[in-house]
Each structure stands twice: as structure tokens, then as C-alpha cells.
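Participant: Take a look at this one; I'll ask things after.
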Amino acid sequence: MEFEAVIGLEVHAQLKTKTKIFCSCPTSFGAPPNTQTCPVCLGMPGVLPVLNKKVVEYAMLMGIATNCTISKHSRFARKNYFYPDLPKGYQISQYELPICEHGYIDIEANGSKKRIGITRIHMEEDAGKLIHDQIRPFSMVDFNRTGVPLIEIVSEPDIRSSEEAGAYLRKIRSILRYLDICDGNMEEGSFRCDANVSIRPVSSVPFGTRTELKNLNSFKNVEKAISYEIERQKDIVFDGEDVVQETRLWDPEKHNTISMRGKEDAHDYRYFPDPDLLPLAIDDNWLEKLKKNLPELPDLKKERFIAQYGLPEYDADVLTGAVELADYFEACTKEYKNPKQVSNWMMGSLLGLLNAEGKNIDESPVSPSNFAELLKLIDQNIISGKIAKAVFEEMAKTGKPPEEIVKEKNLVQVTDEVLIEDIVVKLISSCPKEASEYKAGKTKVLGFFVGKIMKETKGKANPEIVNRILKEKLLAD
């Protein structure tokens, strides 16, 4: 019997507001423990929450960007559970009346496009953070994160593979960053994902028993954990046993999942409307204003890059994957009018450098203007493409403009045809055997001569001129 996976993802995105969702405490990351708290976010008796309007706007923006219906009336609820990092003993969230519902995004995975439904997007407050002592048998709690605003984005169970899950998450993160409402930093916990995974026989309608996966702090770990869990559940079924509904943790070192606890259902949280917060009403003017101010999102930007710059779909997809990357590209093309050349160098040398150093495009040591100037030097035959790569590496190390590096290191390309011809003639006369082989039809020998000339000129000879003169002299009687 063949099985297919049924996967739904729950994404928690921390919103880039200056203050928390129900109080005026700051939300900055990395402050000393328990220095960004107050009686409201600590749940002291007699305090009342006050809703942050910016949180509502950010939630609506994400709903609009993911084709959701924005609810004109929504309501906050209390989600009751008892963890040491939850000071009130409940979390303020939304349940039966969320702010956004019934949306979708389009993804591409394994060479095909697919639409993934979004069940709901709702607002809620974050919990604190437990810090477990590595030596002594106790834990400490940091309440700085308590009350930090989140939106939870819940997908439909439309995902069928780990690759689709990865593509979905990257698309959600990209939209959040385009909207500038979440920094998407998985390492700092501002973009978190839980995966619900089950299997069922192919073409079967009912879903199987699902498990929830936690501790997924990177796209690769999400994909690895889901792939492992699918195979684990298949093994259980093939052994004639039943999959247990539970929450499991991904162990990135052992590359397996381990049981954490039994999985709760909604009724276990005993939701009820929060009596301290009024129902939320969204008027048409507010909603229309947000729609008009919506920035250009990844899909539209990709279509524009293809139409405006004549880029292949693959190039456009890569360059619009992050808003900062797209901005860098467009800044380059304002100064250098060959978009495809910009794209080639960005996806090759620039992204290769950044990936090797674990940096984002906004941390690039090479500015867009210097990057464009480097490409101009190639077009002007001042340097060759090979020399340009060496210049680029030096630009990345020093931050200097390309012209300065070329002058300092005397890297100006040799374009003097008389000089090149003299070198070619001398080389051919010193290598009669290879010259005869070329005349006999062994054209690969040309590379031998080119290499020799480049060595003689320290890589500065113009390759186009070298190849032309070489062919002329080798075929001459």
C-alpha cells in the first residue's frame, strides 16, 4: 500500500512593533532578563490590557497580502494552560472569531506550482522563555518576551511533502519581510513553525492521526524533521501499530524526533471570550487605506522583473526572494543598464560570497554603486571577467571601489593588439608540435596557447583579442 503525507503548518511571526500587544513595554531583542516587563504583561491582579493598534494593522496587512477575508468583527479569547513561562496562567489569543480567514498563497516546489490554503491568521501574545541550567537541576524564566505581539498563520492541510513545506515557509517569510512587519529571524525566534504531520493511503479521504513537530529553528530542520516523521509513521503502520497523537521534538544532532507530551485538542484549552477586551471592529475606510498602501509583493515583483528587465523566470524568482535582494538589484540597474549581467554576477559572485560568510544582502561589503562600476569596467575592456572576479574579492575584503583596486594592483587589461600579436607569434614558434596539432583539427589545443599567453601577461590580456589573433596566426601558412 502506498501512503501520502498530509501536512499543515502553524507559523508564529513576531511583529516589529516598538511595544508589546497589551502594554507599553519595549519589544527589543537581547535585553537583560526581566528588564522589559510591567504589571500588565506579568499578569498582576487588577491590571487591564490595552490593545496596540499597530498590531491590528500588521495582522490586516498580512491577511490582505495572503488573499484572506478580513473580518469586520473579531474577538480575543483566553487560552488556558499552565506553564512556568506563562505568568497569567492563560494566553490572550483569538479563537472562534479570528481577524483573517480563508486565504491562500501560491508556491513552487519540485518543478510544479501549487496553491496552499490558509485557514486563518490571528493575533496573540507570546509567552516567556525558560532557561534550563546545564549543571544544577532547576530552570530560570525570562519574562521579557511575555506579551510580545504575534500573528499565527495556520495553513490548510494541503502540503504533501517536506519540499512543499519548505517552499511555503520561505514564501510566508518573504511576504512578512516585504511588508516589513516581521524580521523573519528564525535563530532569534521571531519566526517559528510547528508542523502537523500525518499519513494516509493514497486516494483516501479521511486523515490519519497527526503528530505535532516542534523545535524547528531553520528551513532545513523543518524539511528534515517532516521527512523523518513521514517515514517514522509509515514504519509504525507497516508494523501493524497505531500512530499516537502527540507533540514531538526534533533533535537536529541525532536527526530524529522524540516524544514530548500528548497533544492537546482545542477543548483542552477551555477557550472563552476575554472579558477585559472589547470585540474588535474594522471599518471600511481603515481597511481600504491599508490596501492602497500595500507594497509591491514578491509575486508581482517577480512578474515585473521578467517583463521590465527581460530576466528568465529562475533569475527573477531568486532576486525577488528577499526584498533587500530585489532592492539591491534595482539599485545596480539604475547605474548599469545590463540587467542580465547584473543578475549573473549577483547570483554567482555576490550571493556566493554572502552565503559563505553567513550574511544577508543588507550586510554586503560591496555597495550597489561599486558593484555596478565593476561591471562597467568589464564592458569598457579595462579589465577582463577573470580579473573582475579578483577585483570583486578585494572589494569584499576592503570595501574599496573597483577603480582604486585596479590602479593599485595594476590590473588594467592589455588590449594592445601589436603587443599581443608579438607574444602570440613567439609562442607559436616555440611550440611547433601543438601548432601542427591545431592545424590538423585538434581545436582543443587552442586552450593550451591561451593559457600560456594569460600566464605571460599575468591574466591581463584581453581574451577576445587573444583568441582572434591566435586563430589567425595558427591557420596562417
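All residue numbers for the sequence shown refer to our numbering, where the first residue is 1 and numbers rise by one. Just so it is clear, CB atoms sit at the ideal spot from N, CA and C, and this is done for glycine as well.
Within the same chain, show all residues whose beta-carbon is closer than 8 Å to that of Arg160, passing over the 5 residues directly before and after it, in chain order.
Facilitator: Sequence index remark: in the sequence shown, residue 160 carries index 160 (1-based). Around Arg160: Glu4, Ala5, Val6 and Ile7.
Participant: Any chance the region 407-423 sits against the region 437-448, with 3 or more Cβ pairs inside 8 Å?
Facilitator: As far as the Cβ criterion goes, the region 407-423 does not touch the region 437-448, which means the pair count is below three.
Participant: What does DSSP give as the partner residues of Leu213 in its beta bridges?
Facilitator: One-based indexing of the sequence shown puts residue 213 at position 213. Paired residues: Ala195 and Arg248.
Participant: Three or more C-beta pairs closer than 8 Å, one from the region 344-363 and one from the region 321-328: is that the case here?
Facilitator: Cβ pair count under 8 Å is three or more, so yes.
Participant: Check whether the Cβ of Pro137 lies closer than 7 Å to any heavy atom of the ligand PLP, and answer yes or no.
Facilitator: Here there are no bound small molecules, and the ligand PLP is not part of this structure.
Participant: Identify the residues that DSSP records as bridge partners of Arg120: which are they?
Facilitator: Here the question's residue 120 lines up with position 120 in the sequence shown. Its beta-bridge partners are Glu101 and Val154.
Participant: Among Lys72, Gly46, Gly43 and Gly89, which residue has its Cα nearest to the Cα of Glu57?
Facilitator: As a working note, residue 57 is residue 57 in the sequence shown. Per the Cα distances, Lys72.
Participant: Tell me, to the nearest whole angstrom, how far the beta carbon of Ile226 is from that of Ser155; I am working on the premise that it is less than 8 Å.
Facilitator: If you number the sequence shown from 1, residue 226 lands on position 226. If you number the sequence shown from 1, residue 155 lands on position 155. So it is not a contact: roughly 13 Å between Cβ atoms.
Participant: For Glu434, which of Val450, Asp183 and Ile420 has the nearest alpha-carbon?
Facilitator: Along the sequence shown, one-based indexing puts residue 434 at 434. It is Val450.
Participant: Hey, is the region 116-127 in contact with the region 91-105, meaning 3+ C-beta pairs nearer than 8 Å?
Facilitator: These segments touch.
Participant: Hey, Asn144 and Ala31 are a contact pair by Cβ (cut 8 Å); roughly how many whole angstroms apart?
Facilitator: Within the sequence shown, the letter at position 144 stands for residue 144. Within the sequence shown, the letter at position 31 stands for residue 31. About 6 Å; that satisfies the 8 Å criterion.
Participant: Within the continuous beta strand (DSSP E) that includes Lys400, where are the two ends?
Facilitator: As a first step, residue 400 must be located in the sequence shown, where it is residue number 400. Note, Lys400: premise wrong, no beta strand (DSSP E); not H, not E.
Participant: Name the two residues that bound the continuous beta strand (DSSP E) containing Asp142.
Facilitator: Taking the first residue of the sequence shown as position 1, residue 142 is located at position 142. Its beta strand (DSSP E) spans residues Ser139 to Asp142.
Participant: Using only alpha-carbon positions, find the residue among Val243, Val424, Cys182 and Leu278 that is nearest to Lys452.
Facilitator: Within the sequence shown, residue 452 is the residue found at index 452, counting from 1. Nearest C-alpha to Lys452: Val424.
Participant: Taking the straight line between their C-alpha atoms, what separation do you get for Asn551 and Lys171?
Facilitator: Because the chain spans 1 through 477 in this model, residue 551 falls outside it and cannot be assessed.
Participant: When you compare the region 200-209 with the region 326-335, are there three or more beta-carbon pairs, one atom per stretch, that lie closer than 8 Å?
Facilitator: The region 200-209 vs the region 326-335: no contact.
Participant: Three-state secondary structure (DSSP) at Asn355?
Facilitator: One-based indexing of the sequence shown puts residue 355 at position 355. Residue state, collapsed to three classes: helix.
Participant: Comparing C-alpha positions only, which one of Asp268, Asp158 and Tyr95 sits nearest to Ile151?
Facilitator: Within the sequence shown, the letter at position 151 stands for residue 151. That would be Tyr95, whose Cα lies nearest to the Cα of Ile151.
Participant: Mind checking if Glu124 is an interface residue toward chain B, Cβ cutoff 8 Å exclusive?
Facilitator: In the structure shown, chain B does not exist; there is a single protein chain.
Participant: Measure how close the beta-carbons of Ala165 and Glu223 come, nearest whole angstrom, since I'm counting them as under 8 Å.
Facilitator: Position 165 of the sequence shown, counted from the first residue, corresponds to residue 165. Position 223 of the sequence shown, counted from the first residue, corresponds to residue 223. Contact holds; Cβ gap of about 6 Å.
Participant: Taking Cβ positions, are Ile21 and Glu125 nearer each other than 8 Å?
Facilitator: As a working note, residue 21 is residue 21 in the sequence shown. As a working note, residue 125 is residue 125 in the sequence shown. It is a contact, given that the beta carbons lie within the stated cut-off.
Participant: Relative to the alpha-carbon of Ser367, which residue among Leu446, Leu350, Asn196 and Pro432 has its alpha-carbon at the smallest distance?
Facilitator: Along the sequence shown, one-based indexing puts residue 367 at 367. It is Leu350 whose Cα lies nearest to the Cα of Ser367.
Participant: Please identify the residue among Ile153, Tyr269 and Leu419 whose C-alpha is closest to the C-alpha of Ile465.
Facilitator: Stepping through the sequence shown from its first residue, residue 465 is reached at position 465. For Ile465, the nearest C-alpha among the options comes from Leu419.
Participant: Among residues of its own chain, excluding the 5 on either side of Val243, which ones have a beta-carbon nearer than 6 Å to its beta-carbon?
Facilitator: The residue given as residue 243 occupies position 243 in the sequence shown. Contacts found: Thr209, Gln233 and Ile236.
Participant: Pull the bridge partners of Ala130 from the DSSP assignment, please.
Facilitator: Along the sequence shown, one-based indexing puts residue 130 at 130. For the record, residue 130 in the displayed sequence is Leu; it is not Ala. Paired residue(s): Val141.
Participant: Taking Cβ to Cβ, would you say Leu42 is nearer than 8 Å to Pro87?
Facilitator: For the purposes of this step, residue 42 is taken as residue 42 along the sequence shown, with counting starting at 1. For the purposes of this step, residue 87 is taken as residue 87 along the sequence shown, with counting starting at 1. Yes, Cβ-Cβ distance for Leu42 and Pro87 is below 8 Å.
Participant: Taking the straight line between their C-alpha atoms, what separation do you get for Phe392 and Lys337?
Facilitator: Here residue 392 refers to the residue found at position 392 when the sequence shown is read from its first residue. Here residue 337 refers to the residue found at position 337 when the sequence shown is read from its first residue. The straight-line gap from Cα to Cα measures roughly 19 Å.
Participant: Under the assumption that Ile230 contacts Val197 (Cβ atoms under 8 Å), give the Cβ distance between them as a whole number of angstroms.
Facilitator: The residue labelled residue 230 in the question sits at position 230 within the sequence shown. The residue labelled residue 197 in the question sits at position 197 within the sequence shown. Confirmed, about 6 Å.
Participant: Name the DSSP bridge partner or partners of Asn285?
Facilitator: Taking the first residue of the sequence shown as 1, we reach residue 285 at position 285. DSSP lists no partner for Asn285.
Participant: For Phe238, is the classification buried or exposed, using 16 other Cβ atoms within 10 angstroms of its Cβ as the cut-off for buried?
Facilitator: As a working note, residue 238 is residue 238 in the sequence shown. The residue is exposed, with fewer than 16 neighbouring Cβ atoms inside 10 Å.
Participant: Would you kindly report the start and end of the unbroken beta strand (DSSP E) that includes Tyr497?
Facilitator: It is not possible to answer for residue 497, since the shown part of the chain is limited to 1 through 477.
Participant: Cα separation between Gly89 and Met260?
Facilitator: Here residue 89 corresponds to residue number 89 of the sequence shown, with the count starting at 1. Here residue 260 corresponds to residue number 260 of the sequence shown, with the count starting at 1. Using only the alpha carbons, I get a separation of about 20 Å.
Participant: Considering only their Cβ atoms, is the gap separating Thr27 from Thr37 smaller than 8 Å?
Facilitator: Position 37 of the sequence shown, counted from the first residue, corresponds to residue 37. Position 27 of the sequence shown, counted from the first residue, corresponds to residue 27. No. Outside cutoff.
Participant: Taking Val202 as the reference, which of Leu300, Arg177 and Met1 has the closest Cα?
Facilitator: Position 202 of the sequence shown, counted from the first residue, corresponds to residue 202. The candidate whose alpha carbon is nearest that of Val202 is Met1.
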